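Q:
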Amino acid sequence: MHLFSAMASLKVTLVGMLLLAVGSMLTYGGDTGFSVWVLILPMLLLAVNLASAIATNRKINRQPGLLLFHLSLLSLVIVIAVGRLAHLDAQVEIVVGQSFDPSHLVELQQGPWHVGDLNEISFLQGPYGISYEPGVQRGATASQIGLLDEKGQFSEEIIVGDDTPLIFGDYRLYTSFNKGYSVILEWLPNEGGSYTGSVNMPSFPLNDYRQKNEWTPPGSDTTIKFWLKLENEYNKDDYWTLSMANSSGVLVVTVDDMRVELEEGESLQFDDGQLKYNELTMWMGYTIFYDPTLRWLFFISTFGVLGLGWHLWSRADRLLGKNFDNETKRGVN
Amino acid sequence: MALAAELPWLWGSLLALALATGAAIWGMIPRYSGDGVLIEPPSTNRIESLVLWSLLLSIVLMTIAMGVRWDRVGNGPFVSLFELLMSQIWSLSIFYAVIYWRAPSLRGTSVIVFPALWVLGSWVLILDPVASFYPTTYYNNWKWAHVIFGKIFLGAALFGVGLAGIVLLRQTRFASVFSRMPSSEVLDHIAWRFMMLALIFDSLMLIAGAVWAQDAWGRYWQWDELETSSFLNWLYLGAIIHLRMTYRIPLPIGAWLVIGVFVFAFLTYFGAPYFSASAHKGVV
Ligand code: HEM
Numbered sequence: 001m002h003l004f005s006a007m008a009s010l011k012v013t014l015v016g017m018l019l020l021a022v023g024s025m026l027t028y029g030g031d032t033g034f035s036v037w038v039l040i041l042p043m044l045l046l047a048v049n050l051a052s053a054i055a056t057n058r059k060i061n062r063q064p065g066l067l068l069f070h071l072s073l074l075s076l077v078i079v080i081a082v083g084r085l086a087h088l089d090a091q092v093e094i095v096v097g098q099s100f101d102p103s104h105l106v107e108l109q110q111g112p113w114h115v116g117d118l119n120e121i122s123f124l125q126g127p128y129g130i131s132y133e134p135g136v137q138r139g140a141t142a143s144q145i146g147l148l149d150e151k152g153q154f155s156e157e158i159i160v161g162d163d164t165p166l167i168f169g170d171y172r173l174y175t176s177f178n179k180g181y182s183v184i185l186e187w188l189p190n191e192g193g194s195y196t197g198s199v200n201m202p203s204f205p206l207n208d209y210r211q212k213n214e215w216t217p218p219g220s221d222t223t224i225k226f227w228l229k230l231e232n233e234y235n236k237d238d239y240w241t242l243s244m245a246n247s248s249g250v251l252v253v254t255v256d257d258m259r260v261e262l263e264e265g266e267s268l269q270f271d272d273g274q275l276k277y278n279e280l281t282m283w284m285g286y287t288i289f290y291d292p293t294l295r296w297l298f299f300i301s302t303f304g305v306l307g308l309g310w311h312l313w314s315r316a317d318r319l320l321g322k323n324f325d326n327e328t329k330r331g332v333n
Numbered sequence: 334m335a336l337a338a339e340l341p342w343l344w345g346s347l348l349a350l351a352l353a354t355g356a357a358i359w360g361m362i363p364r365y366s367g368d369g370v371l372i373e374p375p376s377t378n379r380i381e382s383l384v385l386w387s388l389l390l391s392i393v394l395m396t397i398a399m400g401v402r403w404d405r406v407g408n409g410p411f412v413s414l415f416e417l418l419m420s421q422i423w424s425l426s427i428f429y430a431v432i433y434w435r436a437p438s439l440r441g442t443s444v445i446v447f448p449a450l451w452v453l454g455s456w457v458l459i460l461d462p463v464a465s466f467y468p469t470t471y472y473n474n475w476k477w478a479h480v481i482f483g484k485i486f487l488g489a490a491l492f493g494v495g496l497a498g499i500v501l502l503r504q505t506r507f508a509s510v511f512s513r514m515p516s517s518e519v520l521d522h523i524a525w526r527f528m529m530l531a532l533i534f535d536s537l538m539l540i541a542g543a544v545w546a547q548d549a550w551g552r553y554w555q556w557d558e559l560e561t562s563s564f565l566n567w568l569y570l571g572a573i574i575h576l577r578m579t580y581r582i583p584l585p586i587g588a589w590l591v592i593g594v595f596v597f598a599f600l601t602y603f604g605a606p607y608f609s610a611s612a613h614k615g616v617v
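Below, the structure is given as structure tokens:
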């Protein structure tokens, strides 16, 4: 009991707040190498402190507005923790004309309690356009998305981009600054069969001058180097739109000291097969975000502030009403 | 270089604010009769209406300046420091004008509040009014809630500075200037009520900001420079409210703590964006 009332002390609150302030200064700027514990430990201390105070301190548990506010603070800490344990963050690149494939996620980070099913996400990437302002300032992104029904058939088209995410349950996909060109290639081995694949070039226009990548066709031991020689007529000092309609280019293929330029539809014979450059297209990069607590966070914090407002209002007579007039009458000194 | 169309209106607005400032100070200067007895200046009411009307004029002119600029550059006052400061002077003036109008006994705070506004006013004068790039994420409607809550928060914090300033000036030889105002205990009490109000709107600003950040950048909170600083500002506000409940703190110390809220907020809004080209500006 003694410990309990000690833990409820408002002095502990002040110490906890100070520690939390120090902790958040240490994590200033996001990636500082300090462990998240510099935030978690002060928050734990404050949570225990607050829970004890709510249980024992009448000043807090007899004033409904104040109680609502502090309960909301306590729940926020808990819900944020749950959110972190259940979260998923990842990046994905999707080629225009292809559908989302969960096995293509990169930079995947997820909490141990992540229970979501990535198969909830199913859509077809359509063409997109991104407008740029002079000086390569990125403007609006409009990415066409084909939604699919249960049978995987196209059902509806929507447009996402910037602050309009693509939402599937608790998964939210945001268009990222990462996007660029992609070439669709077909590999026809001498022994028969055919493989079609896409090779994504580095992010554009960020890597405008490095549109290079390489690929080893299935079953082959030749690594083929590609350079996409773009022939776009973008004037970067003016307004322009990044889209397929404004793009063209030849594919420069290099193996050892052989260098050949391919136009769309052209092929190149190798010892073990034939490479066909089918088409120039684009890929779009998305950031995937999963946190089932988002709605809760919003409601809890809003209720908390309402509680604080209620608390202030219930004492408003001191601020605006009769007492205020009496207290502040001219000449009172 | 051609003159930006909003500048004459801005100058006019600041001129009117200068008039309000001058009149406010003039109205507070104590006048003594020959035998050293303080006499109530007979013109107080007239001077106070002059202050109020010049403040209103300043607000009207600033509204026009902002409208003209909006029309010229095509976006609202949300991005460049120049337009942010203009917009902040505008809303702080409105917040304070309401208090000045409604609470005659607290009008003496104007001799602190107006000079504080001048810090923003002189800063805006040395900035370049060029249009800046408007990031697409700024078309989000949560921006409005975020900005409006922030303005009310800052308004309450600035009024706290006015009250606290008087408590502090009463420790100096200017004490007699404020003899017609309520006691320092009363001013302190009101200041802390406004700190509660500030906490409410600071919290709302953070909530709206987090929703916007989730929409715009796919995360509601990432401890970037601006976010960390505004969280610390919020925590500071909560901490000093608790400090004041837990200990009997002397009035002048309480006054400095209250002033700290505004200073902290000022450094957050107008300082943090300088230290980083962080994602918070949305230009990636
Ligand atoms: C985490 C541990 C916390 C504990 C144990 C705690 C406890 C308390 C208690 C017991 C009171 C009532 C005191 C009284 O009326 O004398 C109170 C009031 C208050 N607390 Fe907290 N609190 C905590 C955190 C916070 C935080 C983080 C904030 C805001 C940032 C906050 C803001 C307030 C406010 C605004 C009041 C009302 C002050 C007034 O009525 O003038 N509290 N708290």
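Sequence lines, in order, name chains A and B.
Quick note on the working numbering: the first sequence kicks off at 1 and runs consecutively.
Quick note on the working numbering: the second sequence kicks off at 334 and runs consecutively.
Even glycine gets a Cβ: it sits at the ideal position worked out from N, Cα and C.
All figures in this text were calculated on a predicted structure; none of them were measured in a lab.
Alpha carbon to alpha carbon, how far is G285(A) from Q144(A)? Give it in angstroms, no decimals.
A: Along the first sequence, one-based indexing puts residue 144(A) at 144. Along the first sequence, one-based indexing puts residue 285(A) at 285. The alpha-carbon atoms of Q144(A) and G285(A) are separated by roughly 13 angstroms.
Q: Looking at the strands, I want to know which residues DSSP matches up with W215(A).
A: Reading the first sequence from its first residue, position 215 is the one you call residue 215(A). The partner list for W215(A) (beta bridge, DSSP) reads I224(A).
Q: Roughly how many angstroms separate the alpha carbons of P217(A) and M258(A), rounded to a whole number?
A: Residue mapping note: residue 217(A) aligns to position 217 of the first sequence, counting from 1. Residue mapping note: residue 258(A) aligns to position 258 of the first sequence, counting from 1. When rounded, the distance between both Cα atoms is 17 angstroms.
Q: Note down the Cα distance separating A351(B) from W37(A), rounded to an integer number of angstroms.
A: Numbered from its first residue, the second sequence carries residue 351(B) at position 18. Numbered from its first residue, the first sequence carries residue 37(A) at position 37. The alpha-carbon atoms of A351(B) and W37(A) are separated by roughly 51 angstroms.
Q: What is the rounded straight-line gap between the Cα of V48(A) and the Cα of L3(A)?
A: Here residue 48(A) refers to the residue found at position 48 of the first sequence. Here residue 3(A) refers to the residue found at position 3 of the first sequence. V48(A) and L3(A): Cα-Cα distance of roughly 11 angstroms.
Q: DSSP three-state label for Y132(A), please.
A: Locating residue 132(A) in the first sequence gives position 132, counting from the first residue. Residue state, collapsed to three classes: strand.
Q: For H283(B), count the other beta carbons within 10 Å of its own beta carbon; 16 or more makes it buried, fewer makes it exposed. Which is it?
A: The structure shown does not extend to residue 283(B), since chain B is modelled only from 334 to 617, so the question has no answer here.
Q: What are the start and end residues of the beta strand (DSSP E) that includes G192(A)?
A: Translated into positions along the first sequence, residue 192(A) becomes position 192. Unbroken run through G192(A): none, as it is neither H nor E.
Q: Figure out for me which residue from S194(A), S248(A) and E107(A) has the closest Cα to the Cα of Q91(A).
A: Residue 91(A) sits at position 91 when you count from the first residue of the first sequence. For the options S194(A), S248(A) and E107(A), the alpha carbon positioned closest to that of Q91(A) is the one of E107(A).
Q: Apart from the five residues just before and just after L570(B), which ones in its own chain have a Cβ nearer than 8 angstroms to its Cβ?
A: Locating residue 570(B) in the second sequence gives position 237, where the first residue counts as 1. Answer for L570(B): M528, A531, L532, D535 and V594, listed in chain order.
Q: Starting from F299(A) and walking both ways along the beta strand (DSSP E), at which residues does that stretch end?
A: Sequence index remark: in the first sequence, residue 299(A) carries index 299 (1-based). It is not in any beta strand (DSSP E) - F299(A) instead sits in the alpha helix (DSSP H) that spans L294 to S314.
Q: Examine chain E for any beta-carbon lying closer than 9 angstroms to the beta-carbon of F564(B), and answer yes or no.
A: Annotation note: the requested chain E is absent from the structure, which comprises protein chains A and B.
Q: Going by the C-beta, is R581(B) closer than 8 angstroms to any heavy atom of the ligand HEM?
A: Indexing the second sequence from 1 puts residue 581(B) at position 248. No.
Q: For V519(B) and R440(B), what's the separation of their Cα atoms in angstroms?
A: By 1-based counting over the second sequence, the position of residue 519(B) is 186. By 1-based counting over the second sequence, the position of residue 440(B) is 107. Straight-line Cα distance between these residues: approximately 14 angstroms.
Q: Suppose the cutoff is 6 angstroms on Cβ atoms and the five residues either side in sequence are ignored; what does the same chain contact list for L88(A) look like?
A: To locate residue 88(A), count along the first sequence from 1; it is residue 88. Once the five neighbours on either side are set aside, the close Cβ partners of L88(A) are Q110, H114 and Y290.
Q: For Q555(B), name the three-state secondary structure that DSSP assigns.
A: By 1-based counting over the second sequence, the position of residue 555(B) is 222. Residue state, collapsed to three classes: coil.
Q: Under three-state DSSP, which class holds Q269(A)?
A: Stepping through the first sequence from its first residue, residue 269(A) is reached at position 269. The answer is strand: DSSP assigns Q269(A) an E or B state.
Q: Assign A53(A) to one of three DSSP states: helix, strand, or coil.
A: The residue given as residue 53(A) occupies position 53 in the first sequence. A53(A) falls in the helix class under three-state DSSP.
Q: Among G542(B), L539(B) and G498(B), which has the Cα closest to the Cα of I523(B)?
A: Walking along the second sequence from the start, residue 523(B) turns up at place 190. Nearest of G542(B), L539(B) and G498(B) to I523(B), Cα basis: G498(B).
Q: Could you tell me whether the Cβ of M7(A) comes closer than 9 angstroms to any Cβ of chain B?
A: Position 7 of the first sequence holds residue 7(A). Answer no: the Cβ-Cβ gap between M7(A) and chain B never drops below 9 angstroms.
Q: Given a cut-off of 9 angstroms, decide if N190(A) and D272(A) are closer than it, judged by their beta-carbon atoms.
A: For this step, residue 272(A) is matched to residue 272 along the first sequence. For this step, residue 190(A) is matched to residue 190 along the first sequence. Contact: yes.
Q: Within 9 angstroms (strictly less), CB to CB, does V305(A) reach chain B?
A: The sequence position of residue 305(A) within the first sequence is 305, counting from 1. By this cut-off, V305(A) is an interface position.
Q: Should M25(A) be flagged as near chain B, meaning a C-beta pair shorter than 9 angstroms?
A: The residue you call residue 25(A) lines up with position 25 of the first sequence. Closer than 9 angstroms to some Cβ of chain B, the Cβ of M25(A) qualifies, so yes.
Q: State yes or no: is the C-beta of G407(B) within less than 9 angstroms of the C-beta of A464(B)?
A: Taking the second sequence and counting its residues from 1, the one referred to as residue 407(B) is at position 74. Taking the second sequence and counting its residues from 1, the one referred to as residue 464(B) is at position 131. Yes. Within cutoff.
Q: Taking the DSSP output, what are the residues bridged to S182(A)?
A: Residue numbering aside, residue 182(A) sits at position 182 when the first sequence is read from its first letter. DSSP lists N200(A) and T281(A) as partners of S182(A).
Q: Name, going along the chain, the residues of the region 150-165 of chain A whose beta-carbon falls closer than 9 angstroms to a beta-carbon of chain B.
A: G161, D162, D163, T164 and P165
Q: If I follow the unbroken beta strand (DSSP E) through A142(A), where does it start and stop?
A: Mapped onto the first sequence, residue 142(A) falls at position 142. Q137 to L148 is the span of the beta strand (DSSP E), which, as asked, contains A142(A).
Q: Quick test of your reading: I380(B) and G360(B), contact by CB under 8 angstroms. State the CB separation rounded to the nearest angstrom.
A: As a first step, residue 380(B) is located in the second sequence; it is residue number 47 there, counting from the start. As a first step, residue 360(B) is located in the second sequence; it is residue number 27 there, counting from the start. With 8 angstroms as the limit, I380(B) and G360(B) qualify as a contact, their Cβ atoms being about 4 angstroms apart.
Q: Let me confirm a value: H267(A) is counted as buried when at least 16 other C-beta atoms fall within 10 Å, else exposed. Which label applies?
A: By one-based count along the first sequence, residue 267(A) stands at place 267. It should be noted that the sequence gives Ser, not His, for residue 267(A). It counts as exposed.
Q: If you measure from each residue's Cβ to the nearest non-hydrogen atom of the ligand HEM, which ones come out under 5 angstroms, in chain order?
A: T13(A), L46(A), N49(A), L50(A), A53(A), N57(A), K59(A), I60(A), G571(B), I574(B) and M578(B)
Q: Let's test the definition: count the other Cβ atoms within 10 Å of the Cβ of R330(A) and tell me whether it reaches 16, buried, or not, exposed.
A: What you label residue 330(A) is simply residue 330 of the first sequence in a count that begins at 1. Bear in mind that the predicted position of R330(A) carries a pLDDT of just 42, short of 50, making it too unreliable to give a figure here.
Q: Run through DSSP, which three-state label would E233(A) get?
A: Locating residue 233(A) in the first sequence gives position 233, where the first residue counts as 1. It is coil, neither helix nor strand.
Q: According to DSSP, what are the bridge partners of K276(A)?
A: Locating residue 276(A) in the first sequence gives position 276, where the first residue counts as 1. Partner(s): E186(A) and S267(A).
Q: For F200(A), collect the residues of the same chain with a Cβ closer than 6 angstroms to its Cβ; drop the 5 residues on either side in sequence, then sort them by chain order.
A: In the first sequence, residue 200(A) corresponds to position 200, counting from 1. According to the sequence shown, residue 200(A) is Asn rather than Phe. Hits under 6 angstroms: E93, S182 and W283.
Q: Going by C-alpha to C-alpha distance, which of L389(B), S420(B), S391(B) and L388(B) sits closest to W403(B)?
A: By one-based count along the second sequence, residue 403(B) stands at place 70. Of L389(B), S420(B), S391(B) and L388(B), the residue nearest in Cα terms is S420(B).
Q: Can you tell me whether W342(B) is helix, strand or coil according to DSSP?
A: Against the second sequence, residue 342(B) aligns to sequence position 9. DSSP places W342(B) in helix when its eight states are reduced to three.
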